[in-house]
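Chains as they are written, first to last, in this note's numbering: chain A, 1 to 234; chain B, 1001 to 1106. Virtual Cβ for every residue (Gly too), placed ideally from N, Cα, C. What follows is one structure encoded as C-alpha cells, with my remarks underneath.
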Amino acid sequence: MKTIIIDDEEMARAIIEKLSSNNKKINLKESFSNAIEAIKYLNQNSVDLIFLDIHMPGFTGFDLLQTLKNPPKVILTTSDKNFAIEAFEYDCIVDYLVKPVTQERFNKAVQKAVLFVQNDAAQPKIEEQEEIKELYVNIDRRLVKINFETINLVEAKGDYILIKTESKNYTVHSTMKKIEEKLPDDLFLKVHRSFIINTKKIIDIEDNSVLIGNNVIPVSRSNRPELMKRLNLL
Amino acid sequence: MSEKPNLNYLHEISGGDDEFEKKLLEIVKKELPNEINSYKKFLNENNFKQASELVHKIKHKISILGLEKSYQVAIDYEENLKIDNLNLKKEFEEILNSMVCFIKTV
C-alpha cells in the first residue's frame, strides 16, 4: 500500500517510519511534518493509506480529513484517547493507534487497512458526480433550461447560435466552439463547420447529408468518418 | 517516583537497529531541553494553555523512555493545565528531572 505519514513531531515520524519498514504491506512514499505540505502532495499523488497525527498546531488531522474529497484509508496516531469518538464519524479511518505504538499493534492496524482497501476495490465504484443532463442559456436576460435530449441540432448563425429542440428554437449569443464544449460527446457530433447534431435524432443519412426532424443537414467530408463510426451499421 | 527511564520500548521497536535507537535518542536530547524551557517560560507567564501544549509534546517522550505511570501523570497534568489547574506540577517536574538526568547517560 502506498503510504504517507503526517506528524509534526520528528520522533513520532521516525517511529512510524521504523515500524513501517518492518511491515511488508507498507510502501512508504513520504513523511510530512505539516498538513499543508501533505495536502499539496495528495493533490498530485494517489496513496492508499495515511498515518495521521491528530494533534498538530494550526491544522489538525481532522481539519486535513475535511479538506480531502476522497480521502484514502487513514490510521490515526495520537497520544489522546479522547479523540476516538470523533474518529468514528469518518468512514476513511480504519484504526486508531495510541502512542507509544508497538510493532504488534501497528501490524494489526495495517492488516485492517489492507482489508478495507481490498473491500473497496471489490465494490463497484459509485459515480461521484451526477451526470449533467441540461444546459442553461441566456435569452433576454433569463436563464432558460434546455435538456440535452430535447436538442435536435445546433446551427451557427454569425455571432449567434441557433439551438433547435423538439418544440422550440433558441437563438443565443455564443459560438459553436463554446457550445461544443458544453454538450456531451456521446450524444452530439459536429458534422459540419456550422452544424452540431444530436446523433440520437438522425432519421436517415443520404450521401453527404443527414435528416433530423425536417432539417437536412450537410455533412462535411472530414466529419463523415466519425459519423459513420457512431452508427450501428448492419 | 519509583519508575526509572529505560530503553525497553526503543529496543522493542528497533529490533536491534542501533542506528535507529541512536537517532531517536538524538532527537530526544535535542528537543527535550528546549521543550522544558518553553514549558517553564509559559508557566511563569501564567500561560497555562501553551504550557499544556508543551506537556503534550513532552508526553510522547515520556512514553518513549518507558515511563508508563509517568505518562499517565503527564496526561492528567496536561488536562489540568487546560483548566488553569496546577495539580501534579511537582510530580510532572520530577519526571522531567529524571528524564534529563537519564538522557545525559545514554
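Task: Beta-carbon neighbours of A/Ala-12, restricted to chain B and to distances below 7 angstroms - done: What you label residue 12 of chain A is simply residue 12 of the first sequence in a count that begins at 1. Under the 7 angstroms cutoff, chain B gives His-1060.
Task: Contact under 7 angstroms by Cβ, A/Gln-123 with A/Asn-22 - done: In the first sequence, residue 123 of chain A corresponds to position 123, counting from 1. In the first sequence, residue 22 of chain A corresponds to position 22, counting from 1. Going by beta carbons, A/Gln-123 and A/Asn-22 fall outside the 7 angstroms limit.
Open item on the list: Check for me: the alpha helix (DSSP H) holding A/Ser-209 runs from which residue to which?
Closed with: Taking the first sequence and counting its residues from 1, the one referred to as residue 209 of chain A is at position 209. Per DSSP, A/Ser-209 belongs to no alpha helix (DSSP H); it is in the beta strand (DSSP E), 209-212.
Task: Simplified DSSP state of B/Val-1100, which is helix, strand or coil - done: Taking the second sequence and counting its residues from 1, the one referred to as residue 1100 of chain B is at position 100. Reduced to three states, the DSSP call for B/Val-1100 is helix.
Open item on the list: Pop quiz: A/Gly-61 and A/Asp-48 are said to be a contact at Cβ under 8 angstroms. What is the actual Cβ separation, rounded to whole angstroms?
Closed with: On the first sequence, position 61 is the one that residue 61 of chain A refers to. On the first sequence, position 48 is the one that residue 48 of chain A refers to. Contact flag wrong, Cβ pair sits at about 17 angstroms.
Open item on the list: For a minimum of 3 consecutive residues, which ranges assigned as the beta strand (DSSP E) are wholly contained in the stretch 12-75 of chain A?
Closed with: 27-32, 49-53
Open item on the list: Here's the rule: buried if 16 or more other CB atoms are within 10 angstroms of the residue's CB, otherwise exposed. What is A/Ala-121?
Closed with: Residue numbering aside, residue 121 of chain A sits at position 121 when the first sequence is read from its first letter. Exposed, by the Cβ-count rule.
Task: Local conformation of A/Tyr-90 per DSSP, three classes - done: For the purposes of this step, residue 90 of chain A is taken as residue 90 along the first sequence, with counting starting at 1. Note: A/Tyr-90 maps to coil in three-state DSSP.
Open item on the list: Quick check on A/Asp-204: does DSSP put it in helix, strand or coil?
Closed with: As a working note, residue 204 of chain A is residue 204 in the first sequence. Residue state, collapsed to three classes: strand.
Open item on the list: Need the endpoints of the alpha helix (DSSP H) that B/Val-1055 sits in, please.
Closed with: Indexing the second sequence from 1 puts residue 1055 of chain B at position 55. It spans 1048-1064 - the alpha helix (DSSP H) in which B/Val-1055 sits, taken as one unbroken run.
Task: Residues near A/Tyr-96 by beta carbon distance below 6 angstroms, same chain, minus five either side - done: To locate residue 96 of chain A, count along the first sequence from 1; it is residue 96. Excluding sequence neighbours, A/Tyr-96 sits near Leu-76, Ala-84, Ala-87.
Open item on the list: As a quick exercise: from A/Lys-73, A/Val-101, A/Phe-106, A/Lys-99, pick the residue whose alpha carbon is nearest that of A/Tyr-90.
Closed with: Sequence index remark: in the first sequence, residue 90 of chain A carries index 90 (1-based). A/Tyr-90 has its Cα closest to that of A/Lys-73, out of A/Lys-73, A/Val-101, A/Phe-106, A/Lys-99.
Task: N-terminal and C-terminal residue of the beta strand (DSSP E) that A/Lys-190 is part of - done: Residue mapping note: residue 190 of chain A aligns to position 190 of the first sequence, counting from 1. First-last of the beta strand (DSSP E) with A/Lys-190: 188-192.
- [ ] Look up A/Thr-77 in the DSSP assignment and give the residues it is bridged to.
- [x] On the first sequence, position 77 is the one that residue 77 of chain A refers to. DSSP output for A/Thr-77 lists A/Asp-53, A/Leu-97 as bridge partner(s).
Open item on the list: Tell me the residue span of the alpha helix (DSSP H) that contains A/Asn-179.
Closed with: Position 179 of the first sequence, counted from the start, is the residue given in the question as residue 179 of chain A. For the sequence presented, residue 179 of chain A should be read as Ile rather than Asn. Taken as a continuous stretch (DSSP letters only), the alpha helix (DSSP H) holding A/Ile-179 covers 176-182.
- [ ] Round the Cβ separation of A/Lys-161 and A/Glu-155 to the nearest angstrom and send it over; I've been treating them as touching at under 8 angstroms.
- [x] Along the first sequence, read from residue 1 onward, the residue named residue 161 of chain A stands at position 161. Along the first sequence, read from residue 1 onward, the residue named residue 155 of chain A stands at position 155. Note that residue 161 of chain A is Ile in the sequence shown, not Lys. A/Ile-161 to A/Glu-155, Cβ: 7 angstroms. Contact.
TODO: Look at the alpha carbon of A/Ile-205 and the alpha carbon of A/Thr-3, and state the distance between them as a whole number of angstroms.
DONE: Translated into the one-based positions of the first sequence, residue 205 of chain A becomes position 205. Translated into the one-based positions of the first sequence, residue 3 of chain A becomes position 3. One C-alpha to the other measures close to 55 angstroms.
TODO: Report the neighbours of B/Lys-1057 on chain A: residues whose CB is nearer than 8 angstroms to its CB, in chain order.
DONE: If you number the second sequence from 1, residue 1057 of chain B lands on position 57. Taking the beta carbon of B/Lys-1057 as reference, the chain A residues within 8 angstroms of it are Glu-9, listed in sequence order.
Task: Beta-carbon spacing of A/Ile-6, A/Ile-16 below 7 angstroms - done: On the first sequence, residue 6 of chain A is found 6 positions in, with the first residue counted as 1. On the first sequence, residue 16 of chain A is found 16 positions in, with the first residue counted as 1. Not closer than 7 angstroms, so no.
TODO: Please name the residue in A/Asp-185, A/Glu-180, A/Ile-50, A/Asn-208 whose C-alpha comes closest to that of A/Asn-70.
DONE: On the first sequence, position 70 is the one that residue 70 of chain A refers to. Nearest C-alpha to A/Asn-70 among A/Asp-185, A/Glu-180, A/Ile-50, A/Asn-208: A/Ile-50.
Open item on the list: For the stretch 18-39 of chain A, list every residue whose C-beta sits within 7 angstroms of some C-beta in chain B, in sequence order.
Closed with: Residues passing the 7 angstroms Cβ filter: Lys-18, Leu-19, Asn-22.
Task: Within-7 angstroms CB hit, B/Ser-1070 to chain A - done: In the second sequence, the residue the question calls residue 1070 of chain B occupies position 70. Taking Cβ atoms only, chain A never reaches closer than 7 angstroms to B/Ser-1070, which makes this a no.
Open item on the list: Distance check for B/His-1056 and B/Asp-1076, CA to CA, integer angstroms please.
Closed with: If you number the second sequence from 1, residue 1076 of chain B lands on position 76. If you number the second sequence from 1, residue 1056 of chain B lands on position 56. Cα to Cα, the separation comes out at about 10 angstroms.
- [ ] With A/Ile-151 as the anchor, note down where its beta strand (DSSP E) starts and where it stops.
- [x] As a first step, residue 151 of chain A must be located in the first sequence, where it is residue number 151. Start and end: 151-157.
Task: Min CB distance B/Tyr-1077 to chain A below 7 angstroms - done: Translated into positions along the second sequence, residue 1077 of chain B becomes position 77. Not closer than 7 angstroms to any Cβ of chain A, the Cβ of B/Tyr-1077 fails to qualify, so no.
Task: chain A within 7 angstroms of B/Tyr-1039, Cβ atoms only - done: If you number the second sequence from 1, residue 1039 of chain B lands on position 39. Judged by the 7 angstroms Cβ criterion, B/Tyr-1039 is not in contact with chain A.
Task: Straight-line gap, B/Ala-1074 to A/Asn-107 (C-alpha atoms, nearest Å) - done: As a position in the second sequence, residue 1074 of chain B is number 74, starting the count at 1. As a position in the first sequence, residue 107 of chain A is number 107, starting the count at 1. Cα-Cα distance, rounded: 27 angstroms.
Open item on the list: Closest to B/Leu-1081 by C-alpha separation, out of B/Ser-1014, B/Phe-1048, B/Asn-1008, would be which residue?
Closed with: As a working note, residue 1081 of chain B is residue 81 in the second sequence. When only C-alpha atoms are compared, the closest one is B/Phe-1048.
Task: Per-residue contacts from A/Gln-123 into chain B (C-beta, under 8 angstroms) - done: For the purposes of this step, residue 123 of chain A is identified with residue 123 of the first sequence, where counting begins at 1. Under the 8 angstroms cutoff, chain B gives no residues; its nearest Cβ is about 35 angstroms from A/Gln-123.
Open item on the list: Would you say A/Gln-103 lies against chain B (beta-carbon separation less than 7 angstroms)?
Closed with: Numbered from its first residue, the first sequence carries residue 103 of chain A at position 103. Closer than 7 angstroms to the CB of A/Gln-103 there is at least one CB belonging to chain B.
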